[in-house]
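A short worksheet on the structure shown next.
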Amino acid sequence: MFRCFAASRRQSPLALCLRLAAKQVLRRQGGLSVMLRDYDVIVVGAGFYGATIAERTAAVLGRKVCVLERRHHIGGNSYSEIDTATGIEHHKYGSHLFHTNSEEVWRYLHRFTTFTNYRHRVLTVHQGQVYPMPINLGTICAFFGRYMTPSEARELIRQQASAEKIGHAENLEDKAISLIGRPLYEAFIRGYTKKQWQTDPRQLPASIIARLPVRFHFEPYYFTDKYEGLPTDGYTAVFRRMLDSSLIDIHLGVDFFDVREKIGPHQLVVYTGPIDRYFDYRLGELAWRTLDFEREALATDDYQGAAVINYADEDVPYTRIHEFKHLHPERRYPPGRTLICREYSRFARRSDEPYYPVNTIRDRQLFAAYQRLAGRQRNVLFGGRLGSYQYLDMHQAIGAALSDFRKKVMPFWARARECVAT
Ligand code: FAD
Ligand code: UDP
158 MFRCFAASRR QSPLALCLRL AAKQVLRRQG GLSVMLRDYD VIVVGAGFYG ATIAERTAAV
218 LGRKVCVLER RHHIGGNSYS EIDTATGIEH HKYGSHLFHT NSEEVWRYLH RFTTFTNYRH
278 RVLTVHQGQV YPMPINLGTI CAFFGRYMTP SEARELIRQQ ASAEKIGHAE NLEDKAISLI
338 GRPLYEAFIR GYTKKQWQTD PRQLPASIIA RLPVRFHFEP YYFTDKYEGL PTDGYTAVFR
398 RMLDSSLIDI HLGVDFFDVR EKIGPHQLVV YTGPIDRYFD YRLGELAWRT LDFEREALAT
458 DDYQGAAVIN YADEDVPYTR IHEFKHLHPE RRYPPGRTLI CREYSRFARR SDEPYYPVNT
518 IRDRQLFAAY QRLAGRQRNV LFGGRLGSYQ YLDMHQAIGA ALSDFRKKVM PFWARARECV
578 AT
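Counting from 158, one number per residue, gives the positions in the sequence shown under this note's numbering.
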């Protein structure tokens, strides 16, 4: 329905790649520090937030954009690439499933890609048995060893949840028990949560578990959004098309903090890195969780039979295993090979990649203090997951960027024009 990306954008991924690479080399020869002043907007970070702002700025305002990216690839955490050993596309930073209820975001992305009809399911392993996740009627029946109707299951869970007499649930453990009762909590939530957060669930906010629904039917899908799917030819192709403009230059392997003094006050900086780093941690450090990914190519057709399997028990060190070929059942991948990735979670040190905001009360207060500093920066827009210290799904990062473009980037240039006119 939304197959509307322009014919000129429909180049092969290889052609686009070569064009972008040529542009990057060209720009490097000129010397980055000299070049920076030539741009209207400096976007720090080539994830979905930064790429959306860059694309809109070039396409709508016709302004020159420089994208600085510390890593050696575009796409931020949504980056995907073909594994050379297996020929399978993998998501370098863990499986990224696209889903949204936003008509605007769905339409916007269709300028750059079509989507497959992939719908995500997750399973979880507890003591050698496999169950559907999030907890649904199938999980409940299998766990308690008998078939129950939806109302019987509801009644059982209600009794188990009320047995603990929890009043106002302030922490994750109390909240989970008040929703699903102790037996299901101990089997599927406690161990996984401890591994994921390295924190006792009684010390974690109740809000974390509100993300995980309990369903009294057999519907197996993880998300219930109106739109879901995966970009037909991968996430990185989407980013290449978004950034394919003569007004956008990309500099990979460049850290903003190495070049920031070369940026003038008339330029707009869109900063999508960690907000505490921007201010040199002067008020303290925000807490993040990081992940370690252990990839392995295996000489088998199918390792686990599903894209993602969670491991609920504490004695299994990883939280989940991804098997990427299952994300694209419509593709013909070479037989006899597969690529898996075990995911381990831990607290981030300053040198680690920050993935999930820990978001304790102290973190919220610290972030509010950084926001006050940010409000005093006239020509800097802080955005995205790291800049706004928020767990944002991809559609939320894109939605926030589209909104910030209208509410902040366009007015910035309207004001700049007024200054020139007076
Ligand atoms: P990012 O993608 O993080 O991009 C920020 C970029 O800024 C990075 O590339 C970084 O290198 C760069 N940068 C930072 N500092 C500097 C600097 N000083 N100089 C230059 N560059 C800098 N979302 C979903 O919708 N579905 C999912 O299934 C899903 N799964 C996820 C799984 C994991 C393990 C993680 C970590 C996230 C997942 N997400 C998922 C969230 C998704 O990754 C984010 O929504 C998205 O990446 C946000 O885009 P962003 O532009 O805000 O940030
Ligand atoms: N969770 C759990 N068991 C699972 C999956 C999730 O206990 O099998 C809990 C865990 O505390 C997690 C929260 O539910 O932090 C939210 O789950 P979600 O899958 O949304 O977490 P994400 O991987 O996005 O952090």
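Beta carbons: idealized from backbone N, C-alpha and C, even for Gly.
Taking only the alpha-carbon atoms, compute the straight-line gap between glycine 462 and valine 287 and give it to the nearest angstrom.
-> Your numbering for residue 462 matches position 305 in the sequence shown. Your numbering for residue 287 matches position 130 in the sequence shown. Cα to Cα, the separation comes out at about 12 Å.
Environment of alanine 163 [buried if 16+ CB atoms lie within 10 Å] | Within the sequence shown, the letter at position 6 stands for residue 163. Below a pLDDT of 50, predicted positions are generally treated as unreliable, and alanine 163, at 34, falls in that range; the measurement from the model is reported next regardless. Flag for alanine 163 reads exposed.
With 9 Å set as the bound, which would you pick, yes or no: does the beta-carbon of proline 474 sit closer than that to a beta-carbon of chain C?
-> Although the question refers to chain C, the structure presented lacks it and comprises just one protein chain.
To the nearest angstrom, how far is it from the Cα of arginine 586 to the Cα of phenylalanine 481?
-> Here the chain covers residues 158 to 579 and nothing more, so residue 586 does not appear.
Looking only at DSSP bridge pairs, what is tyrosine 428 linked to?
-> As a working note, residue 428 is residue 271 in the sequence shown. Bridge partners of tyrosine 428: Val201 and Phe539.
Are the beta-carbon atoms belonging to glycine 391 and serine 237 less than 9 Å from one another?
-> Here the question's residue 391 lines up with position 234 in the sequence shown. Here the question's residue 237 lines up with position 80 in the sequence shown. In this structure, serine 237 lies closer than 9 Å to glycine 391 by Cβ.
Since glutamate 388 sits in a beta bridge, which residues does DSSP pair it with?
-> For the purposes of this step, residue 388 is taken as residue 231 along the sequence shown, with counting starting at 1. Correcting the residue identity first, residue 388 is proline in this sequence and not glutamate. Note: proline 388 is bridge-paired with Phe272 in the DSSP secondary-structure output.
Stretch-stretch touch, CB-based, cutoff 8 Å, three pairs: the stretch 309–320 with the stretch 357–365 = The stretch 309–320, when compared against the stretch 357–365, does not touch it at the 8 Å Cβ threshold.
Closest to glutamate 442 by CA distance: which of Tyr475, Ala526 and Pro486 is it?
-> What you label residue 442 is simply residue 285 of the sequence shown in a count that begins at 1. Checked all of Tyr475, Ala526 and Pro486; the closest Cα to glutamate 442 is Ala526.
Please name the residue, chosen from Arg535, Ala333, Lys249 and His374, that lies closest to serine 308 on a Cα-to-Cα basis.
-> Mapped onto the sequence shown, residue 308 falls at position 151. Taking only the C-alpha atoms, the option nearest serine 308 is His374.
Can you name, in chain order, every residue of its own chain whose Cβ lies under 7 Å from the Cβ of glutamine 284, other than the five neighbours on each side?
-> Within the sequence shown, numbered from 1, the residue matching residue 284 stands at position 127. Within the same chain, and ignoring the five residues on either side of glutamine 284 in sequence, the residues whose Cβ sits closer than 7 Å to its Cβ are Asp470.
Report the rounded CA-to-CA distance for leucine 559 versus threonine 429, giving the unit in angstroms.
-> In the sequence shown, residue 559 corresponds to position 402, counting from 1. In the sequence shown, residue 429 corresponds to position 272, counting from 1. So the two alpha carbons sit approximately 14 Å from each other.
Check whether the Cβ of glutamine 360 sits closer than 8 Å to any heavy atom of the ligand UDP, and report yes or no.
-> Here the question's residue 360 lines up with position 203 in the sequence shown. For the ligand UDP, not one heavy atom lies less than 8 Å from the Cβ of glutamine 360.
Just to confirm, does glycine 386 get its C-beta within under 8 Å of one of the non-hydrogen atoms of the ligand FAD?
-> Against the sequence shown, residue 386 aligns to sequence position 229. Taking 8 Å as the cut-off, the C-beta of glycine 386 does not count as close to any heavy atom of the ligand FAD.
Three-way DSSP call (helix, strand, coil) for valine 465 in this model | Looking up residue 465 in the sequence shown gives position 308. Per DSSP, reduced to three states, the secondary structure at valine 465 is strand.
Determine which residues share a DSSP beta bridge with isoleucine 405 and list them.
-> One-based indexing of the sequence shown puts residue 405 at position 248. Per DSSP, Val222.
Taking the alpha carbon of proline 568 as the point to measure from, which residue in Leu538, Gly556 and Glu418 has its own alpha carbon closest?
-> On the sequence shown, position 411 is the one that residue 568 refers to. Taking only the C-alpha atoms, the option nearest proline 568 is Leu538.
Answer with buried or exposed for glutamine 353, where buried requires no fewer than 16 other C-beta atoms within 10 angstroms of its C-beta.
-> Translated into positions along the sequence shown, residue 353 becomes position 196. Here glutamine 353 is buried, its C-beta having at least 16 other C-beta atoms within 10 Å.
Simplified DSSP state of valine 566, which is helix, strand or coil | Working through the sequence shown from its first residue, we reach residue 566 at position 409. In the structure shown, valine 566 sits in a helix (DSSP, three-state: H, G or I).
Just to confirm, does asparagine 467 get its C-beta within under 8 Å of one of the non-hydrogen atoms of the ligand UDP?
-> The residue given as residue 467 occupies position 310 in the sequence shown. In this structure, asparagine 467 has its CB closer than 8 Å to one or more heavy atoms of the ligand UDP.
Alpha-carbon to alpha-carbon, arginine 315 and leucine 341 | For the purposes of this step, residue 341 is identified with residue 184 of the sequence shown, where counting begins at 1. For the purposes of this step, residue 315 is identified with residue 158 of the sequence shown, where counting begins at 1. Going by the C-alpha atoms only, they are around 12 Å apart.
Which residue's Cα is closest to the Cα of cysteine 223: Thr270, Thr241 and Ile420?
-> On the sequence shown, residue 223 is found 66 positions in, with the first residue counted as 1. Checked all of Thr270, Thr241 and Ile420; the closest Cα to cysteine 223 is Ile420.
Taking 8 Å as the cut-off, does the CB of tryptophan 445 come closer than this to any heavy atom belonging to the ligand UDP?
-> Sequence index remark: in the sequence shown, residue 445 carries index 288 (1-based). Incorrect: tryptophan 445 has no Cβ contact closer than 8 Å to the ligand UDP.
Are serine 235 and histidine 253 touching if we call contact CB-CB under 9 Å?
-> To locate residue 235, count along the sequence shown from 1; it is residue 78. To locate residue 253, count along the sequence shown from 1; it is residue 96. Cβ distance < 9 Å, so serine 235 and histidine 253 count as in contact.
Note down, one range per segment and in chain order, each alpha helix (DSSP H) of at least 4 residues found wholly within the stretch 233–273.
-> Entirely contained in the stretch 233–273, the alpha helix (DSSP H) runs reaching 4 residues are, in chain order, 260–266.
Burial state of serine 335, where buried means 16 or more other Cβ atoms lie within 10 Å = Start at 1 with the first residue of the sequence shown, and residue 335 comes out as number 178. Residue burial annotation: serine 335 is buried, with at least 16 other C-beta atoms found within 10 angstroms of its C-beta.
Could you pull the start and end residues of the alpha helix (DSSP H) that glutamine 290 belongs to?
-> Here residue 290 is taken as the residue at index 133 of the sequence shown, counted from 1. Correcting the residue type first, residue 290 is methionine in the shown sequence and not glutamine. From DSSP, methionine 290 is part of no alpha helix (DSSP H) but of the beta strand (DSSP E) over 286–290.
Could you check where the alpha helix (DSSP H) with glutamate 330 kicks off and where it finishes?
-> Here the question's residue 330 lines up with position 173 in the sequence shown. Secondary structure note for glutamate 330: its alpha helix (DSSP H) is the uninterrupted segment 329–337.
On a CA-only basis, which of Glu312, His256, Asp415 and Gly541 is nearest phenylalanine 562? Give me that one, please.
-> Along the sequence shown, one-based indexing puts residue 562 at 405. Nearest to phenylalanine 562 by C-alpha distance, out of Glu312, His256, Asp415 and Gly541, is Gly541.
Identity of the residue in Ile199, Val198, Arg507 and Gly207 nearest aspartate 437 by Cα = Walking along the sequence shown from the start, residue 437 turns up at place 280. Residue Arg507 is the option with its Cα nearest to aspartate 437.
Closest to leucine 225 by CA distance: which of Asn274, Ala211, Ala216 and Asn293 is it?
-> By one-based count along the sequence shown, residue 225 stands at place 68. Measuring from the Cα of leucine 225, the nearest candidate turns out to be Ala211.
Sort Thr389, Leu543 and Asp472 by Cα distance to arginine 446 and report the nearest one.
-> Counting from 1 along the sequence shown, the entry for residue 446 is found at position 289. Residue Leu543 is the option with its Cα nearest to arginine 446.
For alanine 454, name the three-state secondary structure that DSSP assigns.
-> To locate residue 454, count along the sequence shown from 1; it is residue 297. Three-state DSSP puts alanine 454 in a strand.
Taking three-plus beta-carbon pairs below 8 Å as touching, is the stretch 410–417 in contact with the stretch 272–280?
-> Not touching, per the Cβ criterion.
Going by the C-beta, is methionine 551 closer than 8 Å to any heavy atom of the ligand FAD?
-> For the purposes of this step, residue 551 is taken as residue 394 along the sequence shown, with counting starting at 1. Because some heavy atom of the ligand FAD lies under 8 Å away, the Cβ of methionine 551 counts as near it: yes.
What is the residue span of the alpha helix (DSSP H) that threonine 350 lies within?
-> Within the sequence shown, numbered from 1, the residue matching residue 350 stands at position 193. Where threonine 350 is concerned, the enclosing alpha helix (DSSP H) starts and stops at 348–354.
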